[in-house]
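**Q**
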Amino acid sequence: MIICKVIGTVVASVKHKDLVASKLLIVQEIISENEMKGKDLFVATDSVGAGDGDVVLVTRGSNACADGSFASAMKMIPIDASIVGIVDNFSIDGKIKFRK
Amino acid sequence: MIICKVIGTVVASVKHKDLVASKLLIVQEIISENEMKGKDLFVATDSVGAGDGDVVLVTRGSNACADGSFASAMKMIPIDASIVGIVDNFSIDGKIKFRK
Amino acid sequence: MIICKVIGTVVASVKHKDLVASKLLIVQEIISENEMKGKDLFVATDSVGAGDGDVVLVTRGSNACADGSFASAMKMIPIDASIVGIVDNFSIDGKIKFRK
Amino acid sequence: MIICKVIGTVVASVKHKDLVASKLLIVQEIISENEMKGKDLFVATDSVGAGDGDVVLVTRGSNACADGSFASAMKMIPIDASIVGIVDNFSIDGKIKFRK
Amino acid sequence: MIICKVIGTVVASVKHKDLVASKLLIVQEIISENEMKGKDLFVATDSVGAGDGDVVLVTRGSNACADGSFASAMKMIPIDASIVGIVDNFSIDGKIKFRK
Chain A
31 MIICKVIGTV
41 VASVKHKDLV
51 ASKLLIVQEI
61 ISENEMKGKD
71 LFVATDSVGA
81 GDGDVVLVTR
91 GSNACADGSF
101 ASAMKMIPID
111 ASIVGIVDNF
121 SIDGKIKFRK
Chain B
31 MIICKVIGTV
41 VASVKHKDLV
51 ASKLLIVQEI
61 ISENEMKGKD
71 LFVATDSVGA
81 GDGDVVLVTR
91 GSNACADGSF
101 ASAMKMIPID
111 ASIVGIVDNF
121 SIDGKIKFRK
Chain C
31 MIICKVIGTV
41 VASVKHKDLV
51 ASKLLIVQEI
61 ISENEMKGKD
71 LFVATDSVGA
81 GDGDVVLVTR
91 GSNACADGSF
101 ASAMKMIPID
111 ASIVGIVDNF
121 SIDGKIKFRK
Chain D
31 MIICKVIGTV
41 VASVKHKDLV
51 ASKLLIVQEI
61 ISENEMKGKD
71 LFVATDSVGA
81 GDGDVVLVTR
91 GSNACADGSF
101 ASAMKMIPID
111 ASIVGIVDNF
121 SIDGKIKFRK
Chain E
31 MIICKVIGTV
41 VASVKHKDLV
51 ASKLLIVQEI
61 ISENEMKGKD
71 LFVATDSVGA
81 GDGDVVLVTR
91 GSNACADGSF
101 ASAMKMIPID
111 ASIVGIVDNF
121 SIDGKIKFRK
């Protein structure tokens with residue numbers, strides 16, 4: 031998983047039927063509270079009630095679809111990233127890099 | 031998922047049987063309306079009626095096959111990217127980056 | 031999927047039992063007819079009768095195994111790339127980049 | 031799999047239900063005992079009792095969820111990285127690069 | 031798949047139960063017999079009897095677990111790379127790049 035910040039939203043009225051109820055958030059990987067890692071940003075669905083500015087845990091790849099809203103072991107949903115946690119704090123080498 | 035623009039098409043008369051009915055579009059990741067992100071382009075199937083110039087949401091990886099045309103939880107189709115939405119608008123840090 | 035050119039072959043007499051009947055081709059991603067994209071090359075199995083010099087459509091990742099020779103929704107084969115189409119032509123921004 | 035060092039922890043009180051019991055560790059890929067490979071760090075769950083400073087084996091991608099705590103062939107958990115071993119030593123070209 | 035050379039080994043006495051019987055080899059991608067491609071190295075399990083110095087075919091991603099030792103369509107093992115063939119020779123643009 032990677033640690034990201036929610037930085038935007040996407041509106042798509044025409045979308046795959048399995049995504050109709052999904053909130054689409056734009057996220058960017060971070061290294062510490064206000065330090066982005068590179069310029070890569072991507073779109074993730076949300077199953078934990080995350081909102082703009084939140085620091086979140088994001089799962090990518092085909093397991094992303096095994097999230098709270100869709101959870102069914104045998105069902106595959108066409109997503110490749112989902113927010114699976116809202117980060118309270120994280121530390122590296124004993125130093126707090128972010129605290130909510 | 032990533033936000034892309036549809037920039038081209040591929041014609042392949044000899045193809046895998048599960049792709050015979052698929053429209054093959056060339057897409058490129060974008061950062062804002064007319065700003066491409068790098069030079070990477072790739073081919074995605076379409077299940078939402080996207081066309082040339084559309085800004086779209088693309089899912090990559092093995093979940094890409096769980097799309098509207100093929101949808102069956104237990105069926106795997108040999109694709110690794112599909113268009114799952116047509117973007118109306120998206121915003122980052124409160125600024126609209128694209129509006130249809 | 032990505033558009034590649036077939037540029038070589040691999041011979042491996044000792045291989046995984048599920049690969050015994052597979053043709054192993056070396057492919058490289060292209061941008062236009064004779065323009066390679068970077069130096070990356072990799073090995074793909076073939077299910078459409080591709081040969082040396084052909085421009086092909088390649089699916090990567092775990093869905094690659096859902097190809098014509100192996101096709102079975104529940105069977106996983108240890109491959110991560112397969113050729114799923116032979117490209118007749120492709121165009122970007124309205125310009126033909128390759129024609130067979 | 032890649033060889034990583036455990037360098038930090040993440041606390042997330044709001045998280046996906048399937049992650050409630052998971053320990054979330056921050057890991058970074060290494061080349062030898064004290065030589066990090068680049069600056070990439072990511073979050074992995076742990077199923078082998080790893081702790082801060084340990085050199086570990088990490089599996090990424092959708093198979094990461096097939097770990098000791100969750101193991102069930104048909105169950106998908108929304109994680110994309112897990113620690114699957116604690117490394118005693120590793121050697122490259124006959125030279126020990128790390129010994130516990 | 032990619033073509034790699036076996037360059038080392040990993041010993042991990044504490045590991046996931048499904049990896050207990052696995053041989054863990056360190057591999058590096060090659061371009062020709064003695065030309066490494068970049069510095070990336072990673073760990074793969076072996077199911078074909080590969081040893082130090084062998085040039086091998088490696089499958090990455092979630093299909094890696096569909097190998098000879100573990101093979102079961104419905105079973106997921108927490109590995110993301112496995113050696114699936116021992117290369118006798120490979121050629122690019124008609125030139126032999128490696129011969130055993």
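From first to last, the protein sequence lines are chains A, B, C, D and E.
My numbering puts the first residue of the first sequence at 31, with every later residue one more than the last.
My numbering puts the first residue of the second sequence at 31, with every later residue one more than the last.
My numbering puts the first residue of the third sequence at 31, with every later residue one more than the last.
My numbering puts the first residue of the fourth sequence at 31, with every later residue one more than the last.
My numbering puts the first residue of the fifth sequence at 31, with every later residue one more than the last.
Beta carbons: idealized from backbone N, C-alpha and C, even for Gly.
This one's a predicted model, so the numbers in the text were calculated from it and none came from an experiment.
On the CB-based measure, 16 or more other CB atoms within 10 Å of its CB, does E/E59 come out buried or exposed?
**A** If you draw a 10 Å sphere on the C-beta of E/E59, you find 16 or more other C-beta atoms in it, and that means buried.
**Q** Excluding the 5 residues flanking C/D70 on each side, which residues of the same chain have their C-beta closer than 8 Å to its C-beta?
**A** Q58, E59
**Q** If you reduce the DSSP assignment to three classes, tell me which class B/S52 lands in.
**A** coil
**Q** Below 8 Å on the Cβ atoms is my guess for A/D76 versus A/I113; work out the distance and round it to an integer in Å.
**A** 5 Å
**Q** Does any residue of chain A have a CB that is nearer than 8 Å to the CB of D/R129?
**A** no
**Q** With E/I113 as the anchor, note down where its beta strand (DSSP E) starts and where it stops.
**A** 111-116
**Q** Helix or strand or just coil, what does DSSP make of E/K130?
**A** coil
**Q** Rounded to a whole number of angstroms, what is the C-alpha to C-alpha distance between B/I109 and A/I126?
**A** 42 Å
**Q** Flag C/L55 as yes if its beta-carbon sits less than 8 Å from any beta-carbon of chain E, otherwise no.
**A** no
**Q** Report the residues of the segment 107-124 of chain B with a CB closer than 9 Å to any CB of chain A, ordered along the chain.
**A** Listed in sequence order: S112, I113, V114, G115, I116, V117, D118, N119, F120, S121, I122, D123, G124.
**Q** Tell me which same chain residues have a C-beta within less than 6 Å of the C-beta of E/L54, skipping the five on either side of it?
**A** V40, V73
**Q** Candidates C/S52, C/V44, C/G124, C/F128: which alpha carbon is nearest B/V36's?
**A** The candidate whose alpha carbon is nearest that of B/V36 is C/G124.
**Q** Once the 5 residues before and after A/G91 are set aside, which same chain residues still bring their CB inside 7 Å of it?
**A** D110
**Q** Sorted by chain position, which residues of the same chain lie with C-beta nearer than 7 Å to B/R129's C-beta, five sequence neighbours on each side aside?
**A** N119
**Q** With 16 other CB atoms within 10 Å as the buried threshold, where does C/S52 fall?
**A** buried
**Q** What did DSSP end up calling E/N119 once you bin it into helix, strand or coil?
**A** Assigned with DSSP and collapsed to three states, E/N119 falls in strand.
**Q** Looking at chain A, is there any beta carbon in it that lies within less than 8 Å of the beta carbon of B/L138?
**A** An answer regarding residue 138 of chain B cannot be provided, because it is not within the stretch 31 to 130 covered by chain B.
**Q** So with CB distances below 7 Å, who are the chain C contacts of B/V73?
**A** Within 7 Å Cβ-Cβ: M31, I32, I33, L87.
**Q** Closest Cβ-Cβ distance between A/I60 and chain B: below 8 Å?
**A** no
**Q** With a threshold of 16 other CB atoms inside 10 Å of the CB of C/G115, please say whether the residue is buried or exposed.
**A** buried
**Q** In chain order, what are the residue ranges of uninterrupted beta strand (DSSP E) at least 3 long that sit wholly in the segment 31-93 of chain E?
**A** 32-41, 54-62, 65-76, 85-90
**Q** For a contact meaning CB atoms closer than 9 Å, what does B/S43 contact in chain C?
**A** Residues of chain C passing the Cβ test: G115, I116, D118.
**Q** Looking only at its chain, what residues have a beta carbon closer than 6 Å to the beta carbon of D/E63, apart from the 5 residues adjacent to it on each side?
**A** Contacts found: F128.
**Q** Roughly how many angstroms separate the alpha carbons of E/T89 and D/A80, rounded to a whole number?
**A** 27 Å
**Q** For a contact meaning CB atoms closer than 7 Å, what does B/V78 contact in chain A?
**A** V44, K45, H46
**Q** Taking all protein chains shown into account, do 16 or more other C-beta atoms lie within 10 angstroms of the C-beta of D/K47, making it buried, or fewer, making it exposed?
**A** exposed
**Q** For D/S99 and E/K45, what's the separation of their Cα atoms in angstroms?
**A** Confidence at D/S99 is low in this model, with a pLDDT of 43, below 50, so the placement of that residue is unreliable and no value is reported for it.
**Q** In terms of alpha-carbon separation, which member of E/C95, E/G38, E/I122, E/G68 lies closest to E/I56?
**A** Comparing Cα-Cα distances from E/I56 to each of E/C95, E/G38, E/I122, E/G68, the minimum goes to E/G38.
**Q** Please list the partners that C/V40 has in chain E, where partner means a Cβ-to-Cβ separation under 9 Å.
**A** Ordered by position in chain E, the residues that pass the 9 Å Cβ test against C/V40 are M31, I33, L87, G115, V117, D118, N119, F120, S121.
**Q** Does A/V117 pass the burial test, meaning 16 or more other C-beta atoms within 10 Å, or should it be called exposed?
**A** buried
**Q** For D/V85, count neighbouring Cβ atoms within 10 angstroms of its own Cβ and tell me buried if that reaches 16, exposed if not.
**A** Here D/V85 is buried, its C-beta having at least 16 other C-beta atoms within 10 Å.
**Q** I need the straight-line Cα distance from D/V50 to D/I122, nearest angstrom please.
**A** The straight-line gap from Cα to Cα measures roughly 38 Å.
**Q** Could you confirm whether any beta carbon from chain D is found closer than 8 Å to the beta carbon of E/G91?
**A** Output row for E/G91: interface = yes.
**Q** Have a look at B/M31 and C/I61 and give me their C-alpha separation to the nearest angstrom.
**A** Rounded to the nearest angstrom, the gap between the Cα atoms of B/M31 and C/I61 is 23 Å.
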